[in-house]
Amino acid sequence: MGVRAAGDTLVEVTLRPQVPMGAFQAVGYVCAMGVAEGLREAGIAFAGIGWPQDVVDARTHRSLCTLRMRAGYDKGMFATCAVVAARQVGLLRDLPDELLADVLVAGIERRVSAWEGRIVAGDGAGGPLAPVLAEYVDLVSLLGSPVVVTYPNGNEMARGRFAGVDVWGRATLVADDGRELEFPPEQAGIRPA
Numbered sequence: 018m019g020v021r022a023a024g025d026t027l028v029e030v031t032l033r034p035q036v037p038m039g040a041f042q043a044v045g046y047v048c049a050m051g052v053a054e055g056l057r058e059a060g061i062a063f064a065g066i067g068w069p070q071d072v073v074d075a076r077t078h079r080s081l082c083t084l085r086m087r088a089g090y091d092k093g094m095f096a097t098c099a100v101v102a103a104r105q106v107g108l109l110r111d112l113p114d115e116l117l118a119d120v121l122v123a124g125i126e127r128r129v130s131a132w133e134g135r136i137v138a139g140d141g142a143g144g145p146l147a148p149v150l151a152e153y154v155d156l157v158s159l160l161g162s163p164v165v166v167t168y169p170n171g172n173e174m175a176r177g178r179f180a181g182v183d184v185w186g187r188a189t190l191v192a193d194d195g196r197e198l199e200f201p202p203e204q205a206g207i208r209p210a
């Protein structure tokens, strides 16, 4: 088994789901679901999602791996998903490298294919995450917990309870003063309070 350190690319997958361009913004969320589900199927029962598309140890909310997404156009839309080892990657040491790569690729491809089928069937009319939102939310480890919402530079923006994720992937926070606030992933991060 090779050495896995934070920053190592564990696997990279190029996907070409045949969905409308507007749905492509959900591909990273769907890939995160595939990674978490693949790890669970391989015996890593504590794999969960850290909003929006990190895969975390659901017990501690520390990152196992992050997803780096890149989309483009080359004879059709494509997305490349690189699964990169994070600080807690050592928790995956019981999985041999080949098995880890296989479960990550299979999980991503299976989840994206199922999502694609539902989008093509019209289930994404309400938003690109609509067909899988309930399943995505079930995998988000901090949902319902007290959290800190941070700016991209890490400074605190707000505190409250992580109340949900909408069909566009925005996080909803119920602030300590009772206000409901929404945050897109480009503008905010979430960590335990």
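Heads up: the sequence shown runs through residues 18 to 210, numbered per our numbering. Glycine included, each C-beta is placed from N, C-alpha and C at the ideal position.
Exposure label - residue i; buried when at least 16 CB within 10 Å
{"i": "glutamate 203", "result": "exposed"}
{"i": "alanine 138", "result": "exposed"}
{"i": "methionine 18", "result": "Here the model assigns methionine 18 a pLDDT of 43, short of 50, so the residue's position is not dependable and the matter cannot be decided."}
{"i": "methionine 50", "result": "buried"}
{"i": "alanine 142", "result": "exposed"}
{"i": "leucine 116", "result": "exposed"}
{"i": "glycine 55", "result": "buried"}
{"i": "glycine 195", "result": "exposed"}
Cα-Cα separation, residue i to residue j
{"i": "histidine 78", "j": "alanine 180", "result": "16 Å"}
{"i": "alanine 175", "j": "aspartate 140", "result": "33 Å"}
{"i": "valine 165", "j": "valine 47", "result": "24 Å"}
{"i": "leucine 84", "j": "glutamate 173", "result": "23 Å"}
{"i": "phenylalanine 200", "j": "arginine 187", "result": "5 Å"}
{"i": "leucine 215", "j": "proline 145", "result": "This structure leaves residue 215 out entirely; the chain is present only between 18 and 210."}
{"i": "glycine 65", "j": "glutamine 42", "result": "20 Å"}
{"i": "aspartate 91", "j": "tryptophan 132", "result": "21 Å"}
{"i": "glycine 89", "j": "threonine 31", "result": "11 Å"}
{"i": "aspartate 114", "j": "glycine 45", "result": "23 Å"}
{"i": "alanine 147", "j": "arginine 87", "result": "22 Å"}
Residue nearest to residue i in terms of C-alpha spacing, selected from the options
{"i": "leucine 81", "options": "Ala62, Thr97, Glu115 and Gly89", "result": "Ala62"}
{"i": "asparagine 170", "options": "Glu197, Ala151, Ile66 and Ala205", "result": "Ala205"}
{"i": "arginine 208", "options": "Asp193, Glu199, Val30 and Ser162", "result": "Ser162"}
{"i": "alanine 22", "options": "Arg87, Val106 and Glu115", "result": "Val106"}
{"i": "alanine 123", "options": "Arg57, Val149 and Val36", "result": "Arg57"}
{"i": "aspartate 68", "options": "Tyr168, Arg178 and Val154", "result": "Going by the sequence as given, residue 68 is tryptophan instead of aspartate. Checking every option, the nearest Cα to that of tryptophan 68 belongs to Val154."}
{"i": "arginine 127", "options": "Ala40, Leu150, Ala53 and Val101", "result": "Ala53"}
{"i": "threonine 97", "options": "Val73, Asp119 and Val129", "result": "Val129"}
{"i": "aspartate 74", "options": "Asp194, Phe95 and Leu159", "result": "Leu159"}
{"i": "alanine 103", "options": "Asp193, Leu150 and Asp71", "result": "Asp71"}
{"i": "aspartate 193", "options": "Trp185, Val184 and Ala210", "result": "Ala210"}
{"i": "glycine 177", "options": "Tyr168, Thr189 and Gly55", "result": "Thr189"}
{"i": "alanine 151", "options": "Trp185, Gln35 and Arg76", "result": "Trp185"}
Cβ-based neighbour list, residue i, same chain, cut-off 7 Å, excluding 5 preceding and 5 following
{"i": "glycine 93", "result": "Arg33"}
Contact check, residue i vs residue j, beta carbons under 8 Å
{"i": "leucine 112", "j": "leucine 27", "result": "no"}
{"i": "valine 182", "j": "valine 157", "result": "yes"}
{"i": "glycine 24", "j": "valine 101", "result": "yes"}
{"i": "isoleucine 11", "j": "valine 36", "result": "The structure shown does not extend to residue 11, since the chain is modelled only from 18 to 210, so the question has no answer here."}
Cutoff 6 Å; reference residue i; Cβ partners in own chain excluding five residues on either side
{"i": "alanine 99", "result": "Thr26, Glu29 and Arg85"}
{"i": "valine 134", "result": "Just to set this straight, residue 134 is glycine in the shown sequence, not valine. If we look at glycine 134 and ignore the five residues flanking it on each side, it has no Cβ neighbours."}
{"i": "leucine 168", "result": "This sequence places tyrosine at residue 168; leucine is not what is there. Counting only Cβ-Cβ distances below 6 Å, and skipping sequence neighbours, we find Met174."}
Chain C within 8 Å of residue i, Cβ atoms only
{"i": "glutamate 58", "result": "This model lacks chain C altogether, as it is built from one protein chain only."}
Nonlocal neighbours in the same chain, by C-beta distance under 8 Å from residue i, ignoring five residues either side
{"i": "glycine 39", "result": "Pro145"}
{"i": "glutamate 197", "result": "Ala180, Thr189, Leu190 and Val191"}
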